[in-house]
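Residues 33 to 447 (the numbering used here) make up the sequence shown, in order. Glycine included, every Cβ here is placed at the ideal spot set by N, Cα and C. Given the structure is predicted, the values throughout are model-derived calculations rather than measurements. Let me begin by presenting the structure, written as structure tokens, before commenting on it.
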Amino acid sequence: MITARFVIMTLLVFVAGAWSRRYRATFVEWFAAGLATLTIEMIVLSAIGVRWSIPLLLIVPVIVALIPRNAPHDASKYHLLFLIVACVALAVYALTVMSAAATSGDFVFFWGTKGQIFGQERMLDTAFLRNPDHVVMHPEYPPLVPLYYAWTMLGAQQLDWFGAMASAILFLALATLAIRGDANKALFAAMFALLFIRNDVAGNAEPALIFFEVVACGAAAASAAGVLASGDATTRRPRAAAAPQDDVVTAIALCGAILTKMEGAVFAILFIVFLWRRKLAIIPLVVLAAWLVFAKTNGLFGTSDPRYAFSVAYVWPAMKQLAGQLSFGLWYLPWIACGAAAALGRRNEQLHPSRHVFIRRPRAAAAPLLVAAIVFLAFMVLTYARPEAHLEWSAQRVLMTPLVLFFFSAITRSA
């Protein structure tokens with residue numbers, strides 16, 4: 033069962049991210065800010081040889097959070113039927129996870145194990161990662177998820193493994209809440225609950241990555257459409273007057289994605305290139321560079337499984353295999369559902385233009401998001417164009433990232 037310590041430490045992640053309220057971040061976005069803040073603090077302290085403690089990690093974000101701010105007005109409306117659908121999807125996923133039927137060996141072999149080692153040492157233990165016996169743990173992988181697990185066990189010697197699995201439920205629930213529109217919430221929850229079950233991701237990094245990607249897409253789309261990211265769907269402003277808090281939330285989420293998985297860095301770069309050319313884009317890029325420098329200087333690169341060289345001869349086979357994996361084993365239904373949502377949203381927008389939030393530029397973010405999804409797929413082809421690419425093992429999990437981009441491209445037409 034999930035321990036009280038795991039629950040309390042997870043709630044403290046919200047406390048660590050409460051400083052983002054100064055930028056009108058929602059409660060959901062506090063969690064994103066908290067995870068990103070704690071991860072960066074833990075890496076920095078490890079780099080200078082200081083062991084972690086709860087007070088040391090919380091003191092700065094708590095002080096910043098205590099600075100007064102004006103609370104935004106929330107004029108959100110809820111539609112019961114769609115919320116019921118979302119809740120049922122989340123409940124089904126929760127039951128599956130807690131029966132230990134939706135996790136994989138990756139959780140046991142490296143995500144959870146690294147978290148327990150880091151928690152016991154109260155450091156990001158680079159010596160452990162460099163050990164040749166631990167090559168299968170992918171030492172170069174970004175550390176946010178293991179550091180989150182380490183955070184939850186500070187002061188203890190044992191990771192709450194069921195709690196770590198259950199964190200996938202929390203990430204999916206928070207990602208669902210971060211999406212505008214109850215119909216969109218229902219579609220996302222139903223779609224990704226099924227994909228999380230099919231791909232056995234509980235305890236892995238994918239739920240956290242999807243959460244950060246959703247927060248980034250939502251904040252950036254709101255900014256592009258001239259709508260406050262605070263949840264006030266009745267507030268409109270010109271594109272040029274996009275609120276700075278939208279950009280702060282986007283920067284936080286991109287930092288989180290970068291520190292969660294390697295494809296999170298690809299997502300962030302494409303996101304910045306195609307959708308989010310803001311001054312604050314320098315922040316996630318600096319975080320990415322800092323992590324690469326940390327990993328390189330501590331000898332984490334080149335210690336994982338040998339990589340086979342890219343070969344042009346494998347491009348076409350990779351394309352064919354990836355085309356098959358795009359179906360998710362569900363006859364391409366996730367992509368079809370997103371396309372249908374876009375078509376229905378566009379039709380509804382024509383019939384009832386006054387009901388829509390993104391009135392001024394309903395497609396401001398749709399095209400860039402779609403282009404980013406396509407380029408991400410092209411990048412996947414190049415990545416898998418080599419022998420022993422293990423495409424059937426990992427492709428469907430990686431494909432959830434372009435699906436997030438495609439989903440937001442569809443719903444931002446009439447969010």
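Could you tell me which residues DSSP puts in a beta bridge with residue i?
i           : result
residue 234 : 135
I need the DSSP call for residue i, collapsed to helix, strand or coil.
i           : result
residue 314 : helix
residue 282 : helix
residue 216 : helix
residue 84  : coil
residue 433 : helix
residue 175 : coil
residue 53  : helix
residue 74  : helix
residue 166 : helix
residue 406 : helix
residue 93  : helix
residue 291 : coil
residue 147 : helix
residue 38  : helix
residue 377 : helix
residue 183 : helix
residue 100 : coil
residue 155 : coil
residue 363 : coil
residue 188 : coil
residue 211 : coil
residue 333 : coil
residue 128 : helix
residue 343 : coil
residue 33  : coil
residue 444 : coil
residue 308 : coil
residue 401 : helix
residue 415 : helix
residue 69  : helix
residue 358 : coil
For residue i, does the count of other Cβ atoms within 10 angstroms reach 16, so buried, or fall short, so exposed?
i           : result
residue 316 : buried
residue 163 : exposed
residue 332 : buried
residue 51  : buried
residue 212 : buried
residue 436 : buried
residue 191 : buried
residue 61  : buried
residue 318 : exposed
residue 189 : exposed
residue 44  : buried
residue 329 : exposed
residue 434 : buried
residue 140 : exposed
residue 425 : exposed
residue 91  : exposed
residue 344 : exposed
residue 76  : exposed
residue 325 : exposed
residue 377 : buried
residue 367 : buried
residue 348 : exposed
residue 309 : exposed
Assuming the contact rule is C-beta atoms closer than 8 Å, residue i and residue j should be a hit. Round their C-beta distance to whole Å, please.
i           : j           : result
residue 288 : residue 228 : The pair is not a contact, with the Cβ atoms about 18 Å apart (cut-off 8 Å).
residue 64  : residue 81  : Contact flag wrong, Cβ pair sits at about 28 Å.
residue 286 : residue 303 : 6 Å
residue 239 : residue 200 : 4 Å
residue 145 : residue 169 : 7 Å
residue 417 : residue 321 : Incorrect: roughly 27 Å between the Cβ atoms, too far for contact.
residue 203 : residue 242 : 7 Å
residue 181 : residue 196 : 5 Å
residue 354 : residue 413 : 6 Å
residue 42  : residue 208 : About 17 Å separates the two Cβ atoms, so there is no contact after all.
residue 291 : residue 71  : 5 Å
residue 405 : residue 441 : 7 Å
residue 443 : residue 373 : 6 Å
residue 186 : residue 323 : Going by Cβ atoms, the distance from residue 186 to residue 323 rounds to 22 Å, so no, they are not a contact pair.
residue 179 : residue 74  : 5 Å
residue 281 : residue 57  : 5 Å
residue 232 : residue 135 : 6 Å
residue 53  : residue 97  : 7 Å
Taking 7 Å as the cut-off, is the CB of residue i close to at least one heavy atom of the ligand ATP?
i          : result
residue 99 : This structure simply doesn't include the ligand ATP, nor any ligand for that matter.
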